[in-house]
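In this note's numbering, the protein residues as written are 19 to 205.
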């Protein structure tokens, strides 16, 4: 591929197209017209020598090459965003923002509620919006910006997502001593 023909705006368009899988929705996300995004998709197809997205019953379906590009593209753009925004000093104590978190009811009670108390004291302008964790749509929610992060159990299939181990828990089974189901060697 000739990287001299590629500009950053095309990569941002590809990111939006892969997230939305719809030219009109990608255009709205990018604050561009639908014809402008269509023209950029045409240029992307030339650059990558691949259709990238093909029309489907609802929206568009990414090609195998587009899916291969998705993880590295996200990583590269995330790193670029971090680099470009690293000069900004962020102070949670003065910040005004909402962080949307997907999690289970258990994580909400065990982790987020105690965290919210501390957050309210140290960063009164930062709000938490909590969504129920849906493993089937988590990646789409992250890529579309519907959630900022997810607190979940580790999933080895999400190697392309940035993760951070928070804690380890041990589960125990409690029952009466003479219960017939609780025999030695129970696994």
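Glycine included, C-beta positions come from ideal geometry on N, C-alpha and C.
Counting C-beta pairs with one atom in each stretch, the stretch 47–59 and the stretch 81–98 have fewer than three that are closer than 8 Å, which means they do not touch. Looking at 31, 151 and 165, the one whose alpha-carbon comes closest to that of residue 55 is 31. The residue from 172, 135 and 146 with its alpha-carbon nearest to that of residue 156 is 172. Around the beta carbon of residue 41, 16 or more other beta carbons lie within 10 angstroms, which makes this residue buried.
Contact check between the stretch 157–176 and the stretch 104–123: three or more CB pairs, one atom from each, fall below 8 Å, which counts as touching.
Just so you know, the alpha carbons of residue 124 and residue 154 end up roughly 18 Å apart.
A residue is called buried when at least 16 other Cβ atoms come within 10 angstroms of its Cβ; residue 121 meets this threshold and is buried.
Minimum Cα-Cα distance from residue 52 among the listed residues 150, 89 and 34 corresponds to 34. Taking residue 28 as the centre and dropping the five residues before and after it, the same chain places the C-beta of 58, 61, 62 and 65 closer than 8 Å to its C-beta, in chain order.
With contacts defined by Cβ atoms closer than 8 Å, residue 146 and residue 130 form a contacting pair. Between the alpha carbons of residue 182 and residue 139 lies a gap of roughly 24 Å. Scanning the stretch 50–96 for uninterrupted alpha helix (DSSP H) segments of 4 residues or longer gives 52–66, listed from N- to C-terminal end.
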